[in-house]
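Chains as they are written, first to last, in my numbering: chain U, 2 to 263; chain P, 2 to 182; chain V, 520 to 793; chain C, 437 to 714.
No residue lacks a Cβ here, since even glycine has one placed at the ideal position from N, Cα and C.
Here the structure is laid out as structure tokens; the discussion comes afterwards.
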Amino acid sequence: MNRSMTGQYVQKDSVLHKMDARAKLLCFILLLVVMLKAKTVFSYGLAAVTLVAVCALSKLSFSALTSTLSRMTTFLIVIFLMNALFFSTQEAIWKWGIFTLSREGIVQGLHVVAHVVLVLVLSNLLTCTTTPIELTTALEVLLKPLKVFRIPVEMIALVLSVALSFIPTLLQEADTIRKAQIARGARFESRNLIEKARSFLPLILPIFLCAFRRADELSLAMEARGYRGAAKRTKKAKIPLKKSDLLALGICSCICAVQFFL
Amino acid sequence: MTKMSILKRALICAVCIALCVVLPMAFHSIPDAGSILSPMHIPALLCGLVCGPWFGLLCGLAGPLLSSQLTGMPMMAYLPPMMVELAVYGLVAGLMMQFVRTKKSLADVVISMIVAMLVGRIVAGAAKALIFAAGEFTMAMWISSYFVAMIPGIIMHLVAVPALYYALEKAHLIPRRYPKA
Amino acid sequence: MIQAQNVGFAYETDEGLRRVLHEVTLSIQSGEMIAVLGQNGCGKSTFARLCNALLPMQEGKLTVAGFDTSDKKMTFELRRVCGMVFQNPDNQFVSSVVQEEVAFGPENYEVPRQDIGAIVKAALHQVALDGFEHRAPYTLSGGQKQRLAIAGVLALSPKVIIFDEATAMLDPMCRREVLAMMKKLQAQGHTIVMITHYVEEAVLADRVALMQDGKILAFGTAREILCDKEKMDAAKLLMPHAARVYYDLLAEGITLPMCPLTEEELLEAICRFN
Amino acid sequence: MQIQLKQLCLQYDCEGRKSDVLQDIDLQIGRGEFIGIMGRTGCGKTSLVQLMAGLLTPTSGQVLIDGEDINSRHYDKTILRGKLGYVFQYPEYQLFETTVYRDVAFALKYSKLSKKEVEARVRQALEDMGFDFAAIREESPLALSGGEKRRVAIAGVLAAQPEILILDEPIAGLDPQARDAFLKLLKKLHAQGTTILMISHNADALADCAHRLIVINDGKKALDGTVEEVFSHEEVLSQMHLDVSFASRMSKKLALPHSVTYEAFVQNLKAKLGGDAQ
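Shown next, in the form of structure tokens:
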């Protein structure tokens, strides 16, 4: 239960952990471009060196960084084979039915797998060093410019914050409901598709009813405390970015720019 | 139909987003339920039907995003097309509910959700073919991954969402679409 | 502090209107602790919600701290002076951080940012949750959650605090924690209204309003109401244990010198009998 | 022995650290016992009964029901489901069917009973819970009042006529009348031979119904014995922030013979006062 609320966050005392979440999110997007732009040997080199450097800065263990990766070995193999075997080309090395193995296909497969691995490690870096609350707050600040298009950013921030705070209780409730229905003899293994679909109703319906009941009660509690719209509230305090955050942003932009020329 | 306050719709949207994270985890312990049945589609559709297109859109975008961030599922690689698909579900379901008025709330729900599910799949397929996996994504892949592989899931969504709408009306958690005279 | 004149309310259901309040007339003084006691579904929660203008007024007149609850323009101001704590501690939190949770009320009233820190600190201190500022509400115990909810209300410095079955989902230990908090708040000058169906809790109140089927059956001191067998039977409630002992002994021909309300009084009564 | 727990341990994995929920629980429960379980919130009592119901898997140790290890790979859990009924806390939140009848009959869905037998059982369960069968059967369970929902949900467990009935805080939040009626029904089921385990904070209700009390504290079995024995350790219980029943407390203060039920206490008091008066 606890684990889910902190997500994959791992507590450590590193530069990356201390970095402002807004700057971190922007850097993440810049580096994401760096990873996805890798096509040649040099550009792969740059992407890999950058990634290794950031990993070292994070002080995270190797297992934490590759945690999602290890669960996905089969997925990676499937992706590789899909690309390698279905790449249509004239120069086939080996052919069997609809399967065509070619040099280009293998290269293509390797590209895709490499990109997935790079992006996964990078996103692990973000989620392991930033709590979900920090991330949502950062997202809210970064979405601010959207106000120009009359998008109610405060409302979105409120919705996200409430959603986060409801996850632990709903998770517990879902678990209880699942157990309760199993104790009442619910089964989920029917072969008939419609029967199988129906067999999930005892699970889904109560979970939704509980969730909607919670929303209903919370709306009363919020109104009772004087809520009258997300816009009419004390504004959030403005915290300026630190020098180190700006420096990090600068470095990431440079790497990103270099990648476009490689 | 008495409309729900914006606060209430916002909070329902919030719990639907939370359910996008919770449902796949709750289904996790039941063999092959999580992957085949795509439980995350249900809150996105329902949010659109109940709270309107804009909240539906928000739920479809934020649900998978939050889930990916908290649980690592769906994986980053699948995230963008999934967000597009669910966001279109929520948006179209909400829009359809504003136009379809057959005098029977369940008929409205079923029509709206079928249209939403179709449009969502078309848009997600197009997005995949044109942006996310340009060149690698074919018509055959679209049909197999969005329809054939999803048959159990589609059936469950078609059963669950109207049943949910009916139960929520009965429990007075959402206002009746067509109040009894 | 609270004046109700012939307040009535009916909900719309599939089978037509269902009346839950009938001509409720009640007057609550400033600084009092009042228990509104009755079975589930007797209309006591509806009354609480009317006090906070969470439901629209239908019949009669209800003023809370000088504000007419039917005056839509004053609803916002009314809710600042009349706080409310709800039954389910999990369903009243907006934020995943304790200090933001307490700040939610003041932020709604556009209290300047620089003042909010001090308000949050003071409110958390009042409910003895100092040092919990950065915790997540869901990691707290049931009693702590309800105290946090009280802190969220106190941050608006209300005159009246309504507890709508605020102890119903807690274990006995946490319940005592919250009840002690209510007593402390009353001592600090707040008017406390507790909505409950637990007779043992109503014993703590200065006065008790006994409700049944949407009507006020009786309104008087805790002793007048809770030790009155006829009234309690009419409300389909059991008297406190001590009072039940008095009546059961009476039926056996033993008359204690007084009808006790608490266990201490029962001990005293038995001592005096000897 | 109907239920046997041997060296039962349960651990949760919490951010890499192991935390003990239950430690070395040994317990023997005979057929037809009525057992009360007490403990503070979070002490592990709910986990304990969920282990008995096969809803959690122990980290180590065994749960034997009628001599069979329910966590063994060869054990068919459907046998356990038919034997054991479990009323969760706030069971009203599990209702989902369109009518009360279908919801109560859900527990019998996979039983091989005929339609008639199912109907008879559903009728029996609903009438036991104080409903008029004909009036309630086609109602939507979601549109009922809170107390009625609770009763329908409990009927949904009773309809399976379990040999062992586990109840987690079944009376929390009920009105005095509904509570008394429910406790009476439990006594009736017990008299018919059902083994009952009830978790409750309500010491008076436990004193009224249960014959044996088990107190769980910090994941360990702290006390186990008849209600009289357990309530005689008032200091130990108050250290665990647990109450004893009104009768037990008062009879100690008045130096009366120790009694745990209200009726016995009034009798003792009457004898004392009546004797003094003469």
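Residue range of the unbroken beta strand (DSSP E) whose run includes residue i
i, result
"V:Leu545", "535 to 547"
"V:Met692", "Looking at the DSSP string, V:Met692 is not in any beta strand (DSSP E); the run it does join, the alpha helix (DSSP H), is 691 to 706."
"C:Leu690", "Premise fails: C:Leu690 is in no beta strand (DSSP E) and is neither H nor E."
"V:Phe682", "679 to 683"
"U:Gly243", "The sequence given here has Lys at residue 243 of chain U, not Gly. Segment: none, U:Lys243 is in no beta strand (DSSP E) and carries neither H nor E."
"C:Val651", "648 to 653"
"V:Ala554", "552 to 557"
"V:Val727", "726 to 731"
"V:Asn525", "521 to 532"
"V:Ile714", "710 to 715"
"C:Thr631", "631 to 635"
"C:Tyr522", "520 to 523"
Euclidean distance between Cα positions of residue i and residue j
i, j, result
"P:Met2", "P:Pro180", "Reliability fails at P:Met2, whose pLDDT of 45 lies under 50, so the model's placement of it is uncertain and the value that follows must be treated cautiously. Spanning the two alpha carbons is a distance of roughly 7 Å."
"V:Ala567", "U:Gly230", "23 Å"
"V:Ala584", "V:Lys678", "7 Å"
"U:Val154", "C:Ile471", "55 Å"
"U:Ile30", "C:Gly490", "47 Å"
"V:Leu723", "C:Tyr537", "43 Å"
"U:Ile205", "C:Asp512", "26 Å"
"P:Arg177", "V:Gln522", "35 Å"
"U:His18", "U:Thr137", "16 Å"
"U:Arg4", "U:Asp176", "Note that U:Arg4 scores 43 on pLDDT, short of 50, meaning its location in the model is unreliable; the coordinates nonetheless yield the value given after this. Their backbone Cα atoms lie some 15 Å apart in a straight line."
"C:Glu425", "C:Gly710", "Since the first residue shown for chain C is 437 and the last is 714, residue 425 of chain C is missing from the structure and cannot be characterised."
"U:Lys244", "P:Val89", "41 Å"
"P:Trp55", "P:Leu92", "6 Å"
"U:Lys25", "U:Thr41", "27 Å"
"U:Ile107", "U:Ile94", "10 Å"
"C:Gln714", "V:Leu769", "The predicted model places C:Gln714 with a pLDDT of 49, which falls under 50 and marks its position as unreliable; any figure quoted below should be read in that light. Spanning the two alpha carbons is a distance of roughly 16 Å."
"P:Ser69", "P:Leu62", "11 Å"
"V:Leu574", "U:Arg214", "17 Å"
"C:Phe567", "C:Lys585", "11 Å"
"C:Leu610", "V:Thr588", "31 Å"
"P:Ser39", "V:Val712", "47 Å"
Residue i CB to nearest heavy atom of the ligand GTP below 7 Å
i, result
"V:Leu729", "By its list of ligands, the structure shown contains no ligand whatsoever, and the ligand GTP lies outside what it can speak to."
Whole-angstrom C-beta distance between residue j and residue i, which should lie under 8 Å
i, j, result
"V:Val616", "V:His653", "6 Å"
"C:Ser684", "C:Val696", "5 Å"
"V:Ile638", "V:Glu626", "Contact doesn't hold; Cβ gap of about 10 Å is too wide."
"C:Gly518", "C:Leu594", "About 14 Å; that fails the 8 Å criterion."
"C:Met488", "C:Ile602", "7 Å"
"C:Ile600", "C:Ala641", "Not quite, the Cβ-Cβ distance comes to about 20 Å (not below 8 Å), so this is no contact."
Residue i, enclosing alpha helix (DSSP H) - first and last residue
i, result
"P:Val23", "7 to 28"
"P:Ile112", "106 to 128"
"U:Arg211", "Note that residue 211 of chain U corresponds to Cys in the displayed sequence, not to Arg. 202 to 225 is the span of the alpha helix (DSSP H), which, as asked, contains U:Cys211."
"C:Phe569", "569 to 572"
"U:Lys19", "16 to 19"
"U:Tyr265", "Chain U is shown only over 2 to 263; residue 265 of chain U falls outside these bounds and no answer can be derived."
"C:Leu625", "612 to 627"
Nearest neighbour of residue i, chosen from the options [CA to CA]
i, options, result
"C:Gln443", "C:Asn704, C:Glu664, C:Lys657", "C:Lys657"
"C:Cys445", "C:Ala589, C:Asp502, C:Gly655", "C:Gly655"
"P:Glu86", "P:Gly57, P:Phe100, P:Ser6", "P:Gly57"
"U:Leu194", "P:Val124, P:Gly154, P:His42", "P:Gly154"
"P:Met157", "P:His29, P:Ile43, P:Cys60, P:Leu62", "P:Ile43"
"C:Ala691", "C:Leu678, C:Ala707, C:Met676, C:Asp679", "C:Ala707"
"C:Pro693", "C:Met676, C:Tyr529, C:Ser668", "C:Ser668"
"C:Thr662", "C:Thr493, C:Ala541, C:Met474, C:Gln675", "C:Met474"
"V:Met701", "V:Val621, V:Ala554, V:Ile547, V:Asp533", "V:Ala554"
Could you please tell me which residues of the segment 155 to 179 of chain U, in chain order, have their CB closer than 8 Å to any CB of chain C? Glu174, Thr177, Ile178
Residues in the segment 564 to 597 of chain C having any Cβ partner in chain U nearer than 8 Å: Leu578, Gly592, Val593, Ala596
What residues in the segment 539 to 563 of chain C bring their beta carbon closer than 7 Å to a beta carbon of chain U? Phe542, Ala543, Lys545, Tyr546
Please identify, using Cβ separations under 7 Å, the residues of the segment 509 to 522 of chain C that lie next to chain U, in order along the chain. Arg517, Tyr522
Short of 8 Å Cβ to Cβ, which residues in the segment 98 to 111 of chain P face chain C? none
Anything in the segment 233 to 247 of chain U with a Cβ closer than 8 Å to a Cβ of chain C? List those residues in chain order, please. none
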